[in-house]
Every structure is written in structure tokens, then in C-alpha cells.
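Below is one structure; the comments refer to it alone.
Residue numbers (full-length UniProt numbering): 1 to 326.
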């Protein structure tokens, strides 16, 4: 039986990635493990395309469908421009339920100057919560597509913004009763829910895309460590991260402590991983990032350092949110 969340790497490679239809010459970035976008060239331009389903949130499905797919386009070096979605509603849904989702999509797209060009909505008999599948397309504005697989040994690892912002927002909104029982005030829950507004990394990614980065990746499911694992597997490298260097939002930290979960393994739209031989102080200041570690050779493995102790990462990271939901 398959686990909750993203497919295991072997299943993805053996079952999905071997079946990609016709090998058309316009495709310049094909599906592969760790790559969250594809690229297609026209006679003059290259277009970045991405798609994301939102299945772990009830309160923010429309908002996240836009931003998750927009982030994937941006970290590949594209400017998000055209969005479409499939909205699946459970039995008993109302027009007001649909309007809430569509309002979120409309607002998120308006703020990024993105057009909604098509879509499909229905009440589906076999879904128990709203599901929104977002598809974003944008023109490449970087010199070439930036890939997850581009990380190289010796690169610095840059992290922009806190991990766990998305997860903390979902927990504050969809699991508020649990947090209330653990001592959280209504004000803290409101502030926690508002962390959802920090889930875009489009501008930060586009700022970095022209600076000579080797790799960019937005860590979503599996959190920061899940994102780093995907970078390492895609690029055939290892990594070392110092946990004490990772900037964690105070409310994210408090929620994770009370829920007994690891903020580095919590779904993290709003954070951005980038690697390069060196990041200048000007670049760090512009995007508000911090160097948290370095890329190693594959032989050196994947490890997290904390208080002089070493934790080895030996396999895919299951997101802490799935542990709570299940």
C-alpha cells in the first residue's frame, strides 16, 4: 500500500516517469524526480509549466493552489502569468463554499498579475474535502531554466524565509481546536492563520534567478529536509545543514513544540532553497536569506548537525502534517 503524500521515489521513477507520452522536441525540461516544473520552447521563447494539487488544507485550498504552482514556475526562472484549475467539491457543498475557493484564487492571481484562463469545477462523489489542482504557466525570464538537479558539491545552501510557514497556517486554521486545548489564544490562532500570506517566493526566486545560482527548489511536502532530500537525489549529491542556522518563525517554533513535530519536516511553501558557489552579501540582503549549510558529494551523504551531533538522512521525509491528519 502506498503511503500518504508524495509517491515514494522508486514508484515515481518506475511507474510514472517512464511513461511521458510522445518525445516532442519542443520540451526542454522533462519530468524527473525533484523537478517541480517543465519547460517548453516556442519559436522565440521558453515557457515554464507546473501543476500542484492541494490536499492537506481545508481553509486555504484556493490560495495555495495558485501560490504552490506559481512558486514552482518562479524557482525554474519563469514569471507566472496564466493559471487554470480543477476544483473538486464533496457532496453537500454549497455555492458559498465554491465562492470562498474562487475568491482566494482570484485574489492570489490579481496580486501577481496572473490571468485565470480556464478551469473546471464539480461536486465529486468520492472526495471528502475540497481539492484544488492548480496549473501555472509563465515565460522564462532567467537566462536558462534553473533546475533542482543543478546543485554541485561545494555550493553554499541558501534558505529564504522560515520553514513551516504553510504548515503552521494550516494547523492554526484547520486544527484550531487542538491548539486551543494546548493553550493557544484566539489572537495567536489568527496570527498563525495569517502566515498563509507569506507563502509566495515568486519575487525572491526571480531575484535569484539572474545571479548565477546552480539550483533553486521550494520545499513543500516534507518541509525543508524533504526539499533538501529532493535536491540531493535530483543532483546526485549530499548535503550538510546546521540546524542552529535555520531561521524559524517564533510562532512556527511554538506550534511545533506544542504539537511535538519537527519544523524542518513540516510543509513549507514560503521557504526557498538555492545553491551557488558563493552568495554575495548584497544578494543575501536583497532576498533576506541565510546560509544554512553546503552541498557535499554523494559519497559524503546527507546530514543535519545539531549541538555537535549528526543526524543522517537516509530516505524520503514524510511530512509531519500527514502524521497529524492520519
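Using N, Cα and C, we set each Cβ at its ideal position, and we do this for glycine too.
- Considering only C-alpha positions, which residue in the set 305, 226, 85, 194 is nearest to residue 251? 194
- Query: Do the region 41-52 and the region 71-90 touch if we need at least three Cβ pairs shorter than 8 Å?
  - Reply: yes
- Presumed contact (8 Å Cβ cut-off) between residue 301 and residue 309, rounded CB distance: Incorrect: roughly 15 Å between the Cβ atoms, too far for contact.
- Query: Taking DSSP as the reference, what is the three-state secondary structure of residue 322?
  - Reply: helix
- Message: Can you find the residues in the same chain that come closer than 8 Å, C-beta to C-beta, to residue 33, ignoring five residues on each side of it along the sequence?
- Response: 9, 12, 13, 17, 230, 233, 234
- Message: Please identify the residue among 67, 140, 59 whose C-alpha is closest to the C-alpha of residue 29.
- Response: 140
- Member of 288, 54, 62 whose CA lies at the smallest distance from the CA of residue 207: Sorting 288, 54, 62 by C-alpha distance to the C-alpha of residue 207 places 288 at the top.
- Message: Looking at the secondary structure, which residues open and close the alpha helix (DSSP H) in which residue 256 lies?
- Response: 250-259
- Item | Which residues DSSP lists as bridging residue 119, in chain order | 85
- Buried versus exposed call for residue 117 [16 or more other C-beta atoms within 10 Å across all chains shown]: exposed
- Proximal residues to residue 202 (C-beta, below 7 Å), its chain only, five neighbours per side dropped: 70, 71, 74, 80, 112
- Going by Cα to Cα distance, which pick from 241, 222, 269, 307 is closest to residue 275? Relative to the Cα of residue 275, the nearest Cα in the group 241, 222, 269, 307 belongs to 241.
- Query: Among residues of its own chain, excluding the 5 on either side of residue 319, which ones have a beta-carbon nearer than 8 Å to its beta-carbon?
  - Reply: Excluding sequence neighbours, residue 319 sits near 5, 56, 167, 221, 222, 223, 226, 265, 266, 267.
- Message: Could you compute how far the alpha carbon of residue 128 sits from the alpha carbon of residue 58?
- Response: 10 Å
- Message: What residue range does the alpha helix (DSSP H) around residue 172 cover?
- Response: 165-174
- Alpha carbon to alpha carbon, how far is residue 146 from residue 245? 25 Å
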